[in-house]
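In numbering that gives the first Met the number 0, the protein residues as written are 0 to 274. Where is the CB? At the ideal position from N, CA and C, for every residue including glycine. Note that the structure is a prediction, hence the values are computed from the model and not measured. Everything below concerns the one structure shown next.
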Amino acid sequence: MKASLSLLMPAAAGFLAGWLVMSAFRGDPQPAASGNNRAPGRRHGETLRPWLDPKIGASDRMARFIDHTAELTATEWPDFFKSLRNAPEWSRLAANQWARQDPSGFWSYLRGEHDPDLLAGLGADLVMTWAEMDPDAAMDAAIEVTDKTAGEALRTKLVDSVLERDLSKGLELAARAGDFNNFSTGERKWIDRDPGAAVRGLATLPEFCDYHAFLGVALRVWAKQDPDAALAWMKTDSKGSMDTPRGLSMLSSAFSEVARTDSRLALEAARSLES
Numbered sequence: 000m001k002a003s004l005s006l007l008m009p010a011a012a013g014f015l016a017g018w019l020v021m022s023a024f025r026g027d028p029q030p031a032a033s034g035n036n037r038a039p040g041r042r043h044g045e046t047l048r049p050w051l052d053p054k055i056g057a058s059d060r061m062a063r064f065i066d067h068t069a070e071l072t073a074t075e076w077p078d079f080f081k082s083l084r085n086a087p088e089w090s091r092l093a094a095n096q097w098a099r100q101d102p103s104g105f106w107s108y109l110r111g112e113h114d115p116d117l118l119a120g121l122g123a124d125l126v127m128t129w130a131e132m133d134p135d136a137a138m139d140a141a142i143e144v145t146d147k148t149a150g151e152a153l154r155t156k157l158v159d160s161v162l163e164r165d166l167s168k169g170l171e172l173a174a175r176a177g178d179f180n181n182f183s184t185g186e187r188k189w190i191d192r193d194p195g196a197a198v199r200g201l202a203t204l205p206e207f208c209d210y211h212a213f214l215g216v217a218l219r220v221w222a223k224q225d226p227d228a229a230l231a232w233m234k235t236d237s238k239g240s241m242d243t244p245r246g247l248s249m250l251s252s253a254f255s256e257v258a259r260t261d262s263r264l265a266l267e268a269a270r271s272l273e274s
C-alpha cells in the first residue's frame, strides 16, 4: 500500500531530531553487503539502503527512507523492520511509518514477537497513532493486553490522547478502558479548554470508571473560570448524578472553589439552598 510522501513527511520529521540529524551530517558507515543487511524488495537488485548515502543531507536521507517505506507491502514490513534492529534512529522512524500505513499489521507483529520490552517501547506510540484513524480499533487492541502494567499504560495513553482532541470520543473510550491499579488525576488541557463540557461529559460516566474521578477536577476548574455556570449546574443538573459520598465530596470541593473566587456569589447560593 502506497502512502503519499507529502502526507508522511510531517509526521516523520520529529523523529529526525537529535542523534539522527547529527549522524546524517557525519555520515553513517555503509553496512557490508550481506544477508543480514538486505532489506526485502520486490525489485531485483534494488539498492539496499539508499538513505544511508553519506554524500546526501539529512532531509534527502529522510525523504529516501520514507519513499522506500511507502513502497513496502504488508508482507514486507516485518523483515524490513527487523533489519533495522541495530539502527534505533531509523527503527523509530520506521515504527512511525508502519503505524500510519498498517497499524493492525504492526500490532500483530508486536504481539507476535512476545517481547514485553518491545511492546512497552513501541506499543503506546502505535495505539495513539492508530487512534487518530480508528480509535475503536485501537482500544480493541489495547484491551487485548492481559499484562496489568502494560495494559494500563497502553489504555491510559490511548484515552488521554483522544481526550485531547475529541472529548466525546475520549469519554466513550474511557468508559471501555476498565479499571486501573495505578491511576492519578490532575488538571488536564482538555479540561481547561472547556471545563463545563468536561463536567457534563464526565458526569455521565459510571462512578466505578476511574476516569469519573476527573469530575472533581473539572468542577473545580469550572468553578474558578465561570462560578455562575458551575453553581447553576451544581444546583440543577447535578441532581441524581452526584448523590453519593464521592459525588457530594466533589460538590463540596467545587463550592469551596466558588467561595474563593466569588464569596458574594457563594453566599447567595448558600442562602438560596436554605430557603
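| Check | Outcome |
| --- | --- |
| Alpha carbon to alpha carbon, how far is phenylalanine 213 from leucine 201? Give it in angstroms, no decimals. | 7 angstroms |
| Just how far apart, CA to CA, sit phenylalanine 64 and leucine 118? | 24 angstroms |
| Within its chain, find whatever has a CB closer than 6 angstroms to the CB of phenylalanine 182; leave out the 5 residues flanking it on each side and keep chain order. | Asp209 |
| Are alanine 268 and leucine 218 closer than 8 angstroms when you measure CB to CB? | no |
| In angstroms with no decimal places, state the Cα-to-Cα distance between aspartate 124 and proline 205. | 28 angstroms |
| Span of the alpha helix (DSSP H) holding aspartate 116? | 115-132 |
| Would you report the Cα separation of alanine 265 and leucine 166, rounded to the nearest angstrom? | 29 angstroms |
| Have a look at Arg84, Asn95, Pro115, Ala73 and flag the residue whose alpha-carbon is nearest the alpha-carbon of threonine 128. | Asn95 |
| Give me the Cα-Cα distance between threonine 203 and proline 244, rounded to the nearest whole angstrom. | 17 angstroms |
| Exposed or buried, which one is glutamate 45 when buried takes at least 16 other CB atoms within 10 Å? | Confidence in glutamate 45 is poor, its pLDDT being 41 and thus under 50, which makes the residue's placement too unreliable to answer from. |
| Please check the pair alanine 149 and proline 102, which I expect to be a contact at CB under 8 angstroms, by giving their CB distance rounded to whole angstroms. | Actually they do not touch by this definition, with Cβ atoms about 18 angstroms apart. |
| Thinking just about the alpha-carbon of each residue, which of Gly111, Ala228, Lys54, Trp50 is nearest to the one in alanine 86? | Trp50 |
| By the 10 Å Cβ neighbour count, where 16 or more other Cβ atoms means buried, how is arginine 199 classified, buried or exposed? | buried |
| State the DSSP-derived secondary structure class of leucine 71, mapped to helix, strand or coil. | coil |
| For phenylalanine 80, does the count of other Cβ atoms within 10 angstroms reach 16, so buried, or fall short, so exposed? | buried |
| Under the assumption that leucine 157 contacts methionine 138 (Cβ atoms under 8 angstroms), give the Cβ distance between them as a whole number of angstroms. | 6 angstroms |
| For histidine 113, count neighbouring C-beta atoms within 10 Å of its own C-beta (all shown protein chains included) and say buried if the count is 16 or more, exposed if not. | exposed |
| Please list the segments of the alpha helix (DSSP H) lying wholly inside the stretch 152-205, counting only runs of 4 or more residues, in order along the chain. | 166-175, 188-192, 194-201 |
| When you compare only the Cα positions, how much space is there between threonine 72 and serine 82? | 15 angstroms |
| Could you tell me if serine 255 is buried or exposed, where buried requires 16 or more neighbouring beta carbons within 10 angstroms of its beta carbon? | exposed |
| Looking at the structure shown, is proline 49 part of a helix, part of a strand, or coil, going by DSSP? | helix |
| Out of curiosity, what's the CA-to-CA distance linking tryptophan 89 and alanine 173? | 33 angstroms |
| Please state whether DSSP places methionine 138 in a helix, a strand or coil. | helix |
| Under a three-way DSSP split, which group does proline 207 fall into? | Rather than proline, the amino acid found at residue 207 in this sequence is phenylalanine. Reduced to three states, the DSSP call for phenylalanine 207 is coil. |
| With C-beta atoms as the reference, is leucine 92 less than 8 angstroms away from leucine 109? | no |
| Within 10 angstroms of the Cβ of proline 339, are there 16 or more other Cβ atoms? Answer buried if so, exposed if not. | One cannot answer for residue 339 here, as it falls past the ends of the chain, which runs 0 to 274. |
| So for glycine 150, helix, strand or coil by DSSP? | helix |
| With a threshold of 6 angstroms on Cβ separation, who are the neighbours of aspartate 227 within its own chain once the five nearest residues in sequence on each side are excluded? | none |
| Which whole-angstrom value describes the C-beta separation of glycine 185 and valine 216, a residue pair presumed to lie in contact below a C-beta threshold of 8 angstroms? | 7 angstroms |
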